[in-house]
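Take a look at the structure set out below.
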Amino acid sequence: MSTVFIAFQTNEETRPIIEAIELDNPSATVHQEPAMVKIDAPDELVIRRETIEEQIGREYDLQELQVNLITMSGHLTEDEDTFTLSWK
Numbered sequence: 005m006s007t008v009f010i011a012f013q014t015n016e017e018t019r020p021i022i023e024a025i026e027l028d029n030p031s032a033t034v035h036q037e038p039a040m041v042k043i044d045a046p047d048e049l050v051i052r053r054e055t056i057e058e059q060i061g062r063e064y065d066l067q068e069l070q071v072n073l074i075t076m077s078g079h080l081t082e083d084e085d086t087f088t089l090s091w092k
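Numbers in this note's numbering are just positions in the sequence shown, counted from 1, shifted up by 4.
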């Protein structure tokens, strides 16, 4: 099993995004740091546009993740609906 991760700046914009990631990835582990949040997941981490939209109450373009993204690890696969990190 390999671990993938993504890290975001800690701010009001990322809180609902992190909540959405936790909802869609129950095996993920969230590490809160003073200025960032790192989310680790075994094998795969999927970020779904629809879940983020439910959390923030508006339409969301997954490209908006880039604004607060610090770093990530894994192979990235993305389309309009999902942003997936994995080692597959």
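Cβ coordinates follow ideal geometry from the N, Cα and C atoms, glycine included.
Here's a check: name, in chain order, each residue in its chain whose Cβ is nearer than 7 angstroms to the Cβ of residue i, leaving out the five neighbours to either side.
| i | result |
| --- | --- |
| residue 40 | 11, 12, 13, 14 and 74 |
For residue i versus residue j, is the C-beta spacing smaller than 8 angstroms?
| i | j | result |
| --- | --- | --- |
| residue 66 | residue 82 | yes |
| residue 110 | residue 9 | This structure gives no information on residue 110, because the portion of the chain shown stretches from 5 to 92. |
| residue 78 | residue 69 | no |
| residue 45 | residue 32 | yes |
| residue 26 | residue 72 | no |
According to DSSP, which residues form a beta bridge with residue i?
| i | result |
| --- | --- |
| residue 10 | 43 and 76 |
| residue 89 | 49 and 80 |
Considering only residues of the same chain and omitting the five flanking positions on each side of residue i, which have a CB-CB separation below 8 angstroms?
| i | result |
| --- | --- |
| residue 20 | 56, 59 and 60 |
| residue 80 | 87, 88 and 89 |
Legend entry - Ranges of the beta strand (DSSP E) found wholly within the segment 32 to 58, counting only runs of at least 3: DSSP runs (the beta strand (DSSP E)) wholly in the segment 32 to 58: 33 to 36, 40 to 46 and 48 to 52.
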